[in-house]
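Offset between the sequence shown (1-based) and our numbering: plus 158. Even glycine gets a Cβ: it sits at the ideal position worked out from N, Cα and C. These notes are about the structure you will find just below.
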Amino acid sequence: MKGVMQKNLVVAAIAIAAAFSAQAQEKVLNLYSSRHYQTDEQLYSNFTKQTGIKINRIEAEDSPLLERLRNEGKNSPADVILMVDAARLWRTQIEGLFQPVKSKVLDARIPGNLRGKNDGEGSEWYGFSTRARIIVYNKANVKPEDVATYESLADPKNKSKVCTRSGSHPYMLSMIGSMIERNGEAATEKWAQGVVANFARPPRGGDTDQIKGVGTGECGVAVANSYYYARLLRSTKPEDKELMSKVAFLWPNQNTSGTHLNISGGGVAKNAPHRDAAVKFLEYLASDEAQAYFANGNNEWPVVKTAVAANPTLDAMGKFKAENVSIATIGKNQIAAQKILDRVGYK
Ligand code: FE
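Here it is, written out as structure tokens:
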């Protein structure tokens, strides 16, 4: 009798342990992210507090992250993939690494033009923050009215003044992809030719290096994402303060199409083992609270209208008119953009 009871207890204990481990499996989320900012810590721990779901993070740059997802294939433990720039989100999408999500919360909160492959099947990715591609110029050598538009960078009057990072970088491909949408391929090719003719130096380095080039006077004008500029504005290092005293920025194309806007965003991985948790996480990212953390972590703007990100540096940069081109279209145009760059020798 005692033996039987003990045996039943053991069986019950095993059943309970199994239930717990099943529950433990549910309460985990594997996040593949190319974002790594200090305020993201708070973002993730608040999600765990609210839902009990623990987040395992795999952080890497976009390209290695994509490579890893490709190699892992069906066995990938990835649940959520976070990427920066529409060009990269689009690449992830066409490689079939996302799965569509249907969510009333996301549909209500994320604007339609900031979603990828948005049809009856749901969306494959969502933008969670926005960044602008601004024009930075040397205050001593360049007049703002000469560089007020992206188009003006190809004007012969700006000969030997223009600096950009590699044209093949996603930030540039997206910007040029948007120009293709607005001006057509032929005009954009002519523009790219003009920019190459105006280079102060061959493209090299990242956006911050372009701002530095403008500061030293090696470049007269450059393009950079807004958050790099904001980061330097917030810097307390004497050399950054010195640099920023030499440069100014403007919101491009204010009298025409508006400033090129891009996103950082993400979606649910194709073979997500914890799909429900993944959707829950995306919905959490669209909450007012998470939006503020997500945006401020990288000096970006929230996408949700009701979210307030208290960022005095961004506020001081002022308001601007943004372009109205679908982010999905910009992502798709990157192939045509790359072909144009190859034809005109824009490295
Ligand atoms: Fe960046």
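Item, Value
"For LEU419, collect the residues of the same chain with a Cβ closer than 7 Å to its Cβ; drop the 5 residues on either side in sequence, then sort them by chain order.", "THR288, ALA290, ALA480 and GLU481"
"Who are the Cβ neighbours of ARG389 in its own chain at under 7 Å, not counting the five residues just before and after it?", "ASN457"
"Alpha carbon to alpha carbon, how far is THR374 from LYS404?", "8 Å"
"Counting pairs of beta carbons, one from the stretch 438-455 and one from the stretch 185-200, are three or more of them closer than 8 Å?", "yes"
"Just to confirm the assignment: which complete alpha helix (DSSP H) runs, minimum length 4, are found wholly within the stretch 447-479?", "470-475"
"Please state whether DSSP places TRP409 in a helix, a strand or coil.", "coil"
"Our contact map puts TYR284 next to LEU440 with C-beta atoms below 8 Å; I'd like the distance itself, whole angstroms only.", "6 Å"
"Would you report the Cα separation of MET337 and ALA245, rounded to the nearest angstrom?", "14 Å"
"What are the start and end residues of each continuous beta strand (DSSP E) run of 3 or more residues lying completely inside the stretch 282-326, in chain order?", "283-296"
"Leaving out five residues on either side along the sequence, give the residues of the same chain with a beta carbon under 7 Å from the beta carbon of ASP398.", "LEU390"
"Measure how close the beta-carbons of VAL259 and SER281 come, nearest whole angstrom, since I'm counting them as under 8 Å.", "6 Å"
"Would you be able to state if there are at least three C-beta pairs under 8 Å between the stretch 352-360 and the stretch 311-330?", "yes"
"Compute every distance between the C-beta of VAL242 and the non-hydrogen atoms of the ligand FE, then say whether any falls below 7 Å.", "yes"
"Roughly how many whole angstroms lie between the Cα atoms of PRO470 and ASN229?", "42 Å"
"Look up VAL483 in the DSSP assignment and say whether it is helix, strand or coil.", "coil"
"Hey, how far is the Cα of ALA468 from the Cα of ARG340?", "33 Å"
"Between the stretch 293-307 and the stretch 472-479, are three or more C-beta pairs nearer than 8 Å?", "no"
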